[in-house]
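According to our numbering, the residues represented by the sequence shown are 52 to 313, in order.
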Amino acid sequence: MEFVSLEDFVDKLPIEEGDHVLVSNDIKKLYLKAMKLAKHNHQKFNHEILIDLLIKKVGPQGTIAFPTYNYDFCHGVPYDIKNAPCQVGALNNLAMQRSDFKRTKHPIFSFAVAGFYQAKMVALDNTDAFASNSPFAFMKEHHFKNLIIDVSLQHSFTFTHYVEQMSGIVKYRFTKNFIGDYIDVDGKVTKRTYSMFVRYLDRKVVNTVDPIIPKLIETNAVTMMDYGDSHIMVIDLYKDYDVMMDDIVNNKSRCLCDYDEI
52 MEFVSLEDFV DKLPIEEGDH VLVSNDIKKL YLKAMKLAKH NHQKFNHEIL
102 IDLLIKKVGP QGTIAFPTYN YDFCHGVPYD IKNAPCQVGA LNNLAMQRSD
152 FKRTKHPIFS FAVAGFYQAK MVALDNTDAF ASNSPFAFMK EHHFKNLIID
202 VSLQHSFTFT HYVEQMSGIV KYRFTKNFIG DYIDVDGKVT KRTYSMFVRY
252 LDRKVVNTVD PIIPKLIETN AVTMMDYGDS HIMVIDLYKD YDVMMDDIVN
302 NKSRCLCDYD EI
């Protein structure tokens with residue numbers, strides 16, 4: 052029977068005290084083996100243990116953030132910042148429900164944040180998902196690390212779209228507005244407009260992103276490790292920005308997206 056100690060896993064991560072970390076994950080594989088270990092030791096498994104361990108590792112000068120994306124606002128559903136569920140992972144939902152985490156404001160691309168930069172990130176009031184005043188820009192400027200557990204860049208690395216928008220030259224995406232009811236933390240309902248950089252649905256536009264990994268390795272923008280049969284990447288978002296921008300400008304985004312020339 053194969054076991055995993057989440058304490059040992061976090062101890063081995065290339066993350067230090069004082070780091071600011073965005074966590075993207077498919078946690079099922081690690082958690083299944085950690086639950087087997089707890090059962091073997093006749094212990095009750097704590098589903099929030101990984102969150103607790105990460106917060107402890109970065110310490111009071113560090114920050115932990117989880118994506119809490121919800122796409123219902125795009126379809127006309129009123130957005131309730133306190134109650135709209137995260138649609139991108141069970142662990143992320145657990146973080147969002149904790150009292151030590153607070154959620155950023157954008158109704159589509161929000162983050163549950165705990166730690167040093169919580170107040171500043173929650174105060175961001177960007178209407179454009181990937182604008183220069185968005186959490187994505189904040190994480191880039193403050194050298195966040197993106198911890199990616201058992202999931203491909205293609206299915207987790209939303210930061211790509213921030214770089215694409217910032218380039219000003221990407222032609223396979225455009226800015227689209229969405230209007231709907233927004234329920235704030237005080238329960239007040241207002242009609243608001245938010246936007247995001249979306250792909251053209253009537254054209255062949257497919258995110259790839261994983262082909263950028265060799266360039267990230269070459270520029271020391273990523274650290275990779277295996278823990279058992281789990282694959283881990285830790286990407287420096289500040290360094291990654293330059294690598295992706297270079298691909299957009301000098302390689303027509305071919306490491307980031309598969310699309311037909313327009």
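Yeah, the Cβ is synthetic: ideal placement off N, Cα and C, and Gly gets one too.
Among the options, nearest to residue i - alpha-carbon criterion
i: P186; options: M276, F117, E53 and E269; result: F117
i: M86; options: H98, S75 and N76; result: H98
i: A163; options: N177, Q148, D176 and L175; result: Q148
i: F167; options: C308, E68 and P158; result: E68
i: H126; options: G279, K303 and P158; result: P158
i: N228; options: N144, P136, I299 and A180; result: A180
i: S207; options: I78, Y289 and A135; result: I78
i: N197; options: L288, S281, K222 and N143; result: L288
i: K133; options: I100, S150, S304 and L142; result: S150
Simplified DSSP assignment, three categories, for residue i
i: P65; result: coil
i: P265; result: helix
i: P186; result: helix
i: T119; result: coil
i: A163; result: strand
i: D131; result: strand
i: F54; result: coil
i: T274; result: strand
i: S218; result: helix
Length of the line joining the Cα atoms of residue i and residue j
i: I66; j: K107; result: 11 Å
i: T270; j: H212; result: 20 Å
i: F60; j: G279; result: 10 Å
i: D291; j: S218; result: 14 Å
i: Q169; j: Q112; result: 11 Å
i: L105; j: S56; result: 14 Å
i: M172; j: E312; result: 37 Å
Cβ neighbour criterion (16 or more within 10 Å) applied to residue i
i: T209; result: buried
i: K95; result: exposed
i: G110; result: exposed
i: H71; result: buried
i: M295; result: buried
i: L252; result: exposed
i: K63; result: exposed
i: R143; result: The sequence given here places Asn at residue 143; Arg does not occur at that position. It is buried - the Cβ of N143 has at least 16 other Cβ atoms within 10 Å.
Test item: CB-CB of residue i and residue j under 9 Å
i: L73; j: M247; result: no
i: K284; j: I264; result: The question names Lys, but residue 284 in the sequence shown is Met. The answer is yes: Cβ separation under 9 Å.
i: I200; j: N76; result: yes
i: G314; j: K242; result: This structure gives no information on residue 314, because the portion of the chain shown stretches from 52 to 313.
i: D176; j: K156; result: yes
i: N258; j: Q205; result: yes
i: D298; j: K255; result: no
i: Y223; j: Y310; result: yes
Any non-hydrogen atom of the ligand ADP within 8 Å of residue i CB
i: D293; result: This structure does not include the ligand ADP; it has no bound ligands of any sort.
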